[in-house]
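Since the structure comes first, as structure tokens, the remarks are kept for the end.
Put into structure tokens, the structure is as follows:
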């Protein structure tokens, strides 16, 4: 049967339309673009395309289409809110959020975003009211519960924070992040056992939730359940190779004496984040423990060349030099550490104590004594420094001063066998000098 020319033309037309429709559906972006071409003056079409662009990380294009949506429909509260999330200026973001709320006072996302912004400015009272309203008008928006609970926890209102988390879980039982955040809160408030169950629930709800896996690993590590902790870190790494997962695994290997494993992990972390001082320093510390002190020194000096205020780098260098008996260079490294002028008095006291130890090894007893004296002035409960001061006076023959320092140390460490032995030696010396038997 022959088709008429008009029927053939109609079939070709339908075929062409089908091909065109298929092209529209090739991707979501093509669909959005098609919508804009068809309805260029429709605010909703521009808004939806802007959402797609925002989710794709194409923020400048998203801003353009949110702005077009607002030009076409100036009362589009969600477009205002989303523009607020994309600006780098806190002042501009606040203007957008408040404008969105002027248009729709019950816009729970704008209430949430403004609440978080106000919280970051230290205006806790207003932030609390905004976050409470966000929950009131959007009871199934899990992030608002986490933010309000976090605010209460920071204010040490732990019972209220706990109540908010539980209410959030009741209304959003399938939100994995909420379970994870509640787990973090429970760990901070000493409820580790309960935290474990919420981390596991977060992972059950979202099997790729690597943050919950790492948190569970840390929790297990804190109770020395190293094997299970390691398995959770490794499971997280199967989801993604991130520094935040590699570093706790590296620390686990380091603290359990698995230095070769730790080296592999920290080297990978250093490749991923080459500008991180902490990672390179951790790598250098592992190299020292693995016996590669020359490489550790090289890595540490390289860090210092980029960041000469790295106090821990100088401490590590001092330990490396001291290990090789190079006390002069060890002392120089400690002096450089002190020149960074650490604000933490405990750290400064530890540096003076270490300096005293180096000077004592070099037999510079007067300088060593002075360093120990500076250490105990900053940290009076440093028993070992008092004992070493006593030891120096003991060597110099000032037994009365030696006894005074030993006794001060003994008050701080009453169970010290070495201190008791030193005092016994002092007793014998004094008896010998006075002719007593």
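Residue numbers (mature numbering (1 follows the signal peptide of the UniProt record, and there is no 0)): -21 to -1, 1 to 416.
Quick reminder that beta carbons are idealized off the backbone N, C-alpha and C, glycines included.
Treat the numbers as computed from the prediction; the structure is a model and nothing was measured.
TODO: For the segment 225 to 291, list the alpha helix (DSSP H) runs that are entirely contained and at least 4 residues long, ordered along the chain.
DONE: 238 to 251, 256 to 268 and 272 to 285
Open item on the list: So, for residue 372: in the same chain, excluding its five sequence neighbours on each side, which residues have a beta-carbon less than 7 Å away from its beta-carbon?
Closed with: Mapped onto the chain shown, residue 372 falls at position 393. Excluding sequence neighbours, residue 372 sits near 380, 381 and 384.
Open item on the list: Within a Cβ cutoff of 7 Å, which residues of the same chain sit near residue 2, ignoring the five residues on either side of it in sequence?
Closed with: Walking along the chain shown from the start, residue 2 turns up at place 23. In this prediction, residue 2 has a pLDDT of 49, which is less than 50 and means its spatial position is unreliable; what the coordinates show is noted afterwards. So the list reads 9, once near-sequence residues are dropped.
Open item on the list: Can you confirm whether the segment 253 to 267 touches the segment 219 to 227 when touching is taken to mean that 3 or more C-beta pairs between the two stretches lie within less than 8 Å?
Closed with: yes
TODO: With a 10 Å radius around its C-beta and 16 neighbouring C-beta atoms as the bar for buried, classify residue 99 as buried or exposed.
DONE: Numbered from its first residue, the chain shown carries residue 99 at position 120. Residue 99 comes out exposed.
TODO: For residue 67, count neighbouring C-beta atoms within 10 Å of its own C-beta (all shown protein chains included) and say buried if the count is 16 or more, exposed if not.
DONE: Looking up residue 67 in the chain shown gives position 88. Exposed: under 16 other Cβ atoms inside 10 Å.
Open item on the list: Using only the alpha-carbon positions, how far apart do residue 88 and residue 245 sit?
Closed with: As a working mapping, residue 88 is identified with position 109 in the chain shown. As a working mapping, residue 245 is identified with position 266 in the chain shown. Approximately 40 Å between the Cα atoms of the pair.
Task: residue 52 - DSSP class collapsed to helix/strand/coil - done: Taking the first residue of the chain shown as 1, we reach residue 52 at position 73. Coil, per DSSP.
Task: Whole-angstrom C-beta distance between residue 117 and residue 108, which should lie under 8 Å - done: As a first step, residue 108 must be located in the chain shown, where it is residue number 129. As a first step, residue 117 must be located in the chain shown, where it is residue number 138. Not a contact, Cβ separation roughly 15 Å.
Task: For residue 100, three-class secondary structure by DSSP - done: Position 121 of the chain shown holds residue 100. Residue 100: coil per DSSP, three-state reduction.
Task: Beta-carbon proximity list for residue 45, same chain, < 6 Å, skipping 5 on both sides - done: Indexing the chain shown from 1 puts residue 45 at position 66. If we look at residue 45 and ignore the five residues flanking it on each side, its Cβ neighbours are 29, 58, 61 and 62.
Task: Environment of residue 169 [buried if 16+ CB atoms lie within 10 Å] - done: The sequence position of residue 169 within the chain shown is 190, counting from 1. Exposed, by the Cβ-count rule.
Open item on the list: Tell me the rounded alpha-carbon separation between residue 42 and residue 282.
Closed with: Counting from 1 along the chain shown, the entry for residue 42 is found at position 63. Counting from 1 along the chain shown, the entry for residue 282 is found at position 303. For residue 42 and residue 282, the distance between alpha carbons rounds to 40 Å.
Task: Rounded distance between the beta-carbons of residue 378 and residue 364, thought under 8 Å - done: As a working mapping, residue 364 is identified with position 385 in the chain shown. As a working mapping, residue 378 is identified with position 399 in the chain shown. 19 Å between Cβ atoms; not a contact.
Open item on the list: Is the beta carbon of residue 189 closer than 7 Å to that of residue 143?
Closed with: As a first step, residue 143 must be located in the chain shown, where it is residue number 164. As a first step, residue 189 must be located in the chain shown, where it is residue number 210. No.
Open item on the list: Looking at residue 268: is its Cβ nearer than 7 Å to the Cβ of residue 300?
Closed with: Against the chain shown, residue 268 aligns to sequence position 289. Against the chain shown, residue 300 aligns to sequence position 321. It is not a contact, given that the beta carbons lie outside the stated cut-off.
- [ ] Would you mind reading off the limits of the alpha helix (DSSP H) that contains residue 142?
- [x] By one-based count along the chain shown, residue 142 stands at place 163. Here the alpha helix (DSSP H) through residue 142 covers 137 to 150.
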